[in-house]
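Numbering (my numbering), first residue to last: -5 to 407.
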């Protein structure tokens, strides 16, 4: 920073203290400081472009020189700021800090993307910017800013993946999408746990309305994941998705498919009166905590004897899901703790649902996926969640390595 600019800044701050100048708002200290910093940076860029400073005799007969200034208003985090942009005679100057035709600083784009990731509509974002920053930003401009993430989303959805994942969780959230008429559509999220215990979101996929997601649908999704480099998945945890177990076994024959125990219990409660929930939960606990499959069958027989006459649908629900329910009973307690529920993915889905619920419904499938992608990219800004994941999975990964005969270690090579 030049001495002149430093003196100008110091003088402005002193004046603000003396006169009680507001920090933010129209004509506030932040706007004036932003103007000074931007204009001094542009002058520095012009000096570098021409090869000499203002009023320097070295510029005489150099072939190019300054040619006045033009006014331009840019939208910043301090509000709209009018700046003077220097020009040169042959119009070869290409400023970088505020490029030609640029009307917003990158920080403002970040604010728009952050608000959109939280589920605000373009109209709500426009109103927020007008209220907080005194800036008039059209809905079309906000939409254009958020559309920039689509290229990044496409790259993210097709990026190479790790060769081995000890666990992949698959779950869905329901999103209202207007396609002729508003309908509930599932958006599926696949979350992988890496061989180092880190969280890796593999992708987002939109399902069809109704019962369109059968074995062929899941074969396409899982084949896509395999083609992106995933050679082996030790265990896949899901919520009884139709056709998924058959597709998994076709793509990765050695993968164990495990149904989510918590989802199974919740589904049971939907068939029962609320007054019976506590007793049913007490009766089901010995089933899913049994030391062996044989013991689980005995406990389930006892549960059936108590409840089948009143809730036969619940008994049928567990009987139909039994093949995907029992695999984890053969595993170490450390593995059981991390795979018997999809809580790992449901915490992410809770954040996604907040973004979705704030919007109500989406005009297109792409708009829904864009909103969810931005919400995913804004997860865990401090990195503390990442650290907790790694610690939580250490013991389970050791158990996985032993139980699956070194298949996990193959992913670390």
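Note that the Cβ used here is the ideal one computed from N, Cα and C, for glycine as well. This structure is a prediction, so every number in the text was calculated from the model and none was measured.
- By the CB criterion at 8 Å, residue 154 and residue 222 fall inside the cutoff.
- In the structure shown, residue 65 adopts extended strand secondary structure according to DSSP, grouped into three states.
- The DSSP-derived three-state label of residue 263 is helix.
- Taking residue 208 as the centre and dropping the five residues before and after it, the same chain places the C-beta of 236, 237 closer than 8 Å to its C-beta, in chain order.
- Rounded to the nearest angstrom, the Cβ distance from residue 81 to residue 58 is 11 Å, too far for a contact under 8 Å.
- The beta carbon of residue 201 lies closer than 8 Å to those of 166, 179, 180, 181, 182, 207, 211 in the same chain, with the five residues before and after it left out.
- In the DSSP assignment, residue 78 is bridged to 65.
- Rounded to the nearest angstrom, the Cβ distance from residue 370 to residue 195 is 6 Å, consistent with a contact under 8 Å.
- When secondary structure is reduced to three states using DSSP, residue 163 falls in the strand class.
- Setting aside the 5 residues that flank it on each side, residue 389 is surrounded in the same chain by 328, each with a C-beta closer than 8 Å to its C-beta; the list follows chain order.
- In this structure, the alpha-carbon of residue 313 lies about 24 Å from that of residue 244.
- Spanning the alpha carbons of residue 263 and residue 274 requires a straight line of approximately 8 Å.
- Here residue 145 is exposed. Its C-beta has fewer than 16 other C-beta atoms within 10 Å.
- Apart from sequence neighbours up to five positions away, the residues of its chain that approach residue 308 with a beta-carbon distance below 6 Å are 262, 265, ordered along the chain.
- Cα atoms of residue 326 and residue 319: separation of roughly 16 Å, rounded to the nearest angstrom.
- Just so you know, the alpha carbons of residue 278 and residue 121 end up roughly 51 Å apart.
- In the DSSP assignment, residue 280 falls within the alpha helix (DSSP H) that extends over 271 to 282.
- In this model, residue 47 and residue 41 are separated by some 5 Å (Cα to Cα).
- Assigned with DSSP and collapsed to three states, residue 190 falls in coil, not helix or strand.
- For residue 332 and residue 268, the gap between their C-alpha atoms comes out near 28 Å.
- The beta carbon of residue 220 is closer than 6 Å to those of 245 in its chain, skipping five residues each way along the sequence.
- Here residue 301 is buried. Its C-beta has 16 or more other C-beta atoms within 10 Å.
- Taking a C-beta distance under 8 Å as the contact criterion, residue 385 and residue 192 do not qualify as a contact pair.
- In the structure shown, residue 306 falls within a helical segment according to DSSP collapsed to helix, strand and coil.
- Residue 159 sits close to residue 224, with the two beta carbons spaced by under 8 Å.
- DSSP, read as helix, strand or coil, puts residue 224 in coil.
- Taking C-beta separations shorter than 7 Å and ignoring five residues to either side along the sequence, the partners of residue 280 in its chain run 293, following chain order.
- Residue 286 counts as exposed, since fewer than 16 other beta carbons sit within 10 angstroms of its beta carbon.
- Closest in alpha carbon position to residue 322, among 355, 283, 344, is 283.
- Distance between residue 311 and residue 394, taken at the CA atoms: about 29 Å.
- One Cα belongs to residue 188, the other to residue 137, and the distance between them is close to 35 Å.
- Taking 8 Å as the cut-off, the Cβ atoms of residue 227 and residue 162 count as close.
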